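Numbering (the numbering used here), first residue to last: 577 to 802. For each residue, glycine too, the CB sits at the ideal point set by N, CA and C. In this text the structure is predicted, and so the values were computed from the model without any measurement.
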């Protein structure tokens, strides 16, 4: 018999943010990736239907923001290109899931989980600015600004996962593909281009929904005395 306590590690990849476009340039923000470690507890694990809960710690690496301006909007070629990092994030999730499992072979079980998670995040409002040197007046001008915040500090998500249990002599391994669906945007922001040589000022919005896919690996050790 295996322990009701499981220890997990996961890699995750967020879906791309939604960025409104303009006719000055295309803005690109790459897909954020991250890692999770967690501890979970199973209720009635030996039954076909069971429940599990626990705590998940997520570390999300910084995203990169890139854009290229038009030649006619800057004073020098090297001023066309911009790259910056959006701050990484750390947050804690508290999931509760219902699980059904079916035996496939002697030591392998199929499992499907569905549930809800509440997570808490502490990311302050941030901004990114880009200035260029006006070679005619020798003054710097701000040509781009991005402001973004994380909205509410507490979020609710729906969690779905599908995978297998593989039983060994001294431990059991659970491998799952995970999809986490948020009910509100993870980050909201707006950007603006201005002080360009020819193009008129323009603005747009940036939204990161917060949905992600992941691969989860959980280990349950065998109970002593069994």
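- Beta-bridge analysis with DSSP links residue 716 to 709.
- By the Cβ rule, the region 730–737 counts as touching the region 681–694, because three or more pairs are nearer than 8 angstroms.
- Looking at the DSSP output, residue 758 shares a beta bridge with 733.
- With a 10 Å radius around the Cβ and a threshold of 16 neighbouring Cβ atoms, residue 675 comes out buried.
- Look at residue 679 here: in three-state DSSP terms it is strand.
- Taken through DSSP and simplified to helix, strand or coil, residue 659 comes out as strand.
- In the DSSP assignment, residue 694 falls within the unbroken beta strand (DSSP E) covering 684–697.
- A distance below 8 angstroms separates the beta carbons of residue 608 and residue 637.
- Taking all protein chains shown into account, residue 748 has 16 or more neighbouring C-beta atoms within 10 Å of its C-beta and is therefore buried.
- Residue 777 is classed as exposed because its beta carbon has fewer than 16 other beta carbons within 10 Å across all chains shown.
- The bridge partners DSSP lists for residue 780 are 767.
- Residue burial is scored here from C-beta neighbours: residue 650 has at least 16 other C-beta atoms within 10 angstroms and is therefore classed as buried.
- DSSP places residue 725 in the strand class (E or B) of the three-state scheme.
- Using a C-beta cut-off of 8 angstroms, the region 782–791 makes contact with the region 756–766, since at least three inter-stretch Cβ pairs fall below that distance.
- Taking a C-beta distance under 8 angstroms as the contact criterion, residue 579 and residue 796 qualify as a contact pair.
- Counting along the chain, residue 795 sits inside the beta strand (DSSP E) bounded by residues 788–797.
- Unbroken beta strand (DSSP E) stretches of 3 residues or longer found wholly inside the region 582–611: 603–605, given in chain order.
- The C-alpha of residue 585 is placed about 20 angstroms away from the C-alpha of residue 619.
- Within its own chain, the residues whose Cβ lies closer than 8 angstroms to the Cβ of residue 684, once the five positions on either side in sequence are excluded, are 740, 741, 742 and 743, listed in chain order.
- A residue is called buried once 16 or more other Cβ atoms fall within 10 Å of its Cβ, and residue 790 is buried on that count.
- Secondary-structure assignment with DSSP links residue 640 through a beta bridge to 661.
- The beta carbons of residue 705 and residue 721 sit about 5 angstroms from each other, so the pair counts as a contact at 8 angstroms.
- Selection 750, 645, 794 and 763 evaluated against residue 770 yields 645 as nearest (Cα-Cα).
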